[in-house]
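Numbering (UniProt numbering), first residue to last: 1 to 303.
Spelled out as structure tokens, the structure:
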């Protein structure tokens, strides 16, 4: 290696091949080029994931991506979204993966426990839990009622706690470790006006993610989060519409202004931007990461 470095120091061309586990790197005087790398879609054997709130939007995109990655996937949502559950299950089954749909409200621990029990019975041991389900509301802070704040925390905070704790108990029972992944948001790093209680609930998601990571590490369970930005989903359509009402803007104008003014990459995110990140967090490539919340927002928040 010393002689190799001397060639570079003397300005002479040199080429070497460095072989690392599963990666081959070609290094030259001018560039380093990856010849091959570990793909998250590599066959790691039978794996099963549960994705809450996966009948549509980001949750559905995550479920589809995990199926592409080789997972059997349990689709969960509330009863109002049962048609979306069935549709997503059929789509995954058409890809050659096993899938099972289960209606449950994540704000109720007993229903989350039932979800996990049914998933294990139908698909096998739980390897990855994606706590994706959540709600949002646009309202001025001083106009919020106690019930509105409580409902936000029931779904977004207790929902995360219920999913994290029930999944952890199942994984500990199985004895093989696992991955728990939760949905935060960029407002967990920088709150948005008119989204105060939503922002606070997502700060709590980050807190629980870090706390669970600390206590579950001894069981070989990693706990991480993902923080989407402005995504073209039904939730952000609602936020756009409600913010527009407070500012006298037409539907679509607020999200366009946010995109133009805040997003460095210059476009509104789509659900697959998020699912790609979650695919990484669910793969063995993220085995040495825990307690982190990754931001996928096109450059709004830098942390």
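Glycine is no exception: its CB is placed at the ideal position from the N, C-alpha and C atoms.
Practice task
Answer yes if the stretch 50-65 comes into contact with the stretch 73-93, meaning at least three C-beta pairs across the two stretches below 8 angstroms, and no otherwise.
Solution key: yes
Practice task
On a CA-only basis, which of 111, 158, 174 is nearest residue 203? Give me that one, please.
Solution key: As a first step, residue 203 is located in the chain shown; it is residue number 203 there, counting from the start. The shortest C-alpha separation from residue 203 is found at 158.
Practice task
Starting from residue 206, follow the alpha helix (DSSP H) in both directions and report where the run begins and ends.
Solution key: Residue numbering aside, residue 206 sits at position 206 when the chain shown is read from its first letter. 196-216 is the extent of the alpha helix (DSSP H) around residue 206.
Handout entry: Residue from 101, 303, 112 with nearest C-alpha to residue 84
Key = Counting from 1 along the chain shown, the entry for residue 84 is found at position 84. Selected option, being the one with the closest Cα: 101.
Problem - Whole-Å CB distance - residue 126 paired with residue 178, under 8 angstroms assumed - result: In the chain shown, counting from the first residue as 1, residue 126 sits at position 126. In the chain shown, counting from the first residue as 1, residue 178 sits at position 178. Contact holds; Cβ gap of about 7 angstroms.
Practice task
Could you tell me whether the stretch 242-261 touches the stretch 207-222, using the rule of 3 or more Cβ pairs below 8 angstroms?
Solution key: no
Exercise for the section: Would you mind working out which of 91, 233, 93, 277 sits nearest residue 134, comparing C-alpha positions? Expected result: As a working note, residue 134 is residue 134 in the chain shown. For residue 134, the nearest C-alpha among the options comes from 233.
Practice task
Please classify residue 158: does DSSP put it in a helix, a strand, or coil?
Solution key: Here residue 158 refers to the residue found at position 158 of the chain shown. In this structure, residue 158 counts as helix in the three-state DSSP scheme.
Handout entry: Paired residues, beta bridge with residue 307 - DSSP
Key = For the chain, the structure presents residues 1 to 303; residue 307 sits outside this window and is missing.
Practice task
Compute the beta-carbon to beta-carbon distance between residue 305 and residue 118, rounded to the nearest angstrom, for a pair I have assumed lies under 8 angstroms.
Solution key: In the structure displayed, the chain extends from 1 to 303; residue 305 sits before or after that span and is not available.
Handout entry: Under 7 angstroms between C-beta atoms of residue 275 and residue 62
Key = Within the chain shown, numbered from 1, the residue matching residue 275 stands at position 275. Within the chain shown, numbered from 1, the residue matching residue 62 stands at position 62. Yes, Cβ-Cβ distance for residue 275 and residue 62 is below 7 angstroms.
Exercise for the section: Could you check the C-alpha separation between residue 268 and residue 236 for me, to the nearest Å? Expected result: Sequence index remark: in the chain shown, residue 268 carries index 268 (1-based). Sequence index remark: in the chain shown, residue 236 carries index 236 (1-based). Spanning the two alpha carbons is a distance of roughly 10 angstroms.
Problem - Which of helix, strand or coil DSSP assigns to residue 269 - result: Position 269 of the chain shown, counting from 1, holds the residue named residue 269. Strand at residue 269.
Handout entry: Cβ-Cβ distance between residue 273 and residue 239 below 7 angstroms
Key = For the purposes of this step, residue 273 is taken as the residue at position 273 of the chain shown. For the purposes of this step, residue 239 is taken as the residue at position 239 of the chain shown. For residue 273 and residue 239, no; Cβs fall outside 7 angstroms.
Exercise for the section: Specify the secondary structure class of residue 178 as computed by DSSP and reduced to three states. Expected result: Within the chain shown, numbered from 1, the residue matching residue 178 stands at position 178. Three-state DSSP puts residue 178 in a strand.
Practice task
List in chain order: all unbroken beta strand (DSSP E) runs of 3+ residues lying wholly within the stretch 110-159.
Solution key: 128-131
Problem - DSSP-derived helix/strand/coil call for residue 34 - result: Counting from one through the chain shown, the residue named residue 34 turns up at place 34. Any reading at residue 34 must be qualified, since the residue scores a pLDDT of 34, below 50, and its modelled position is unreliable; no value is offered.
Problem - Neighbourhood of residue 246 by C-beta distance below 7 angstroms, restricted to the same chain and skipping five residues each side - result: Locating residue 246 in the chain shown gives position 246, counting from the first residue. The residues are 194.
Practice task
Output the distance between the C-alpha atoms of residue 172 and residue 164, rounded to the nearest integer angstrom.
Solution key: As a first step, residue 172 is located in the chain shown; it is residue number 172 there, counting from the start. As a first step, residue 164 is located in the chain shown; it is residue number 164 there, counting from the start. Roughly 12 angstroms between the two C-alpha positions.
Problem - Proximal residues to residue 81 (C-beta, below 7 angstroms), its chain only, five neighbours per side dropped - result: As a working mapping, residue 81 is identified with position 81 in the chain shown. These residues qualify, in order along the chain: 55, 56.
Problem - Where residue 167 falls: helix, strand or coil (DSSP) - result: Looking up residue 167 in the chain shown gives position 167. Helix at residue 167.
Exercise for the section: Count the other C-beta atoms from every protein chain shown that fall within 10 angstroms of the C-beta of residue 45, then say buried if there are 16 or more, exposed otherwise. Expected result: In the chain shown, residue 45 corresponds to position 45, counting from 1. Residue 45 is exposed by the Cβ-count criterion.
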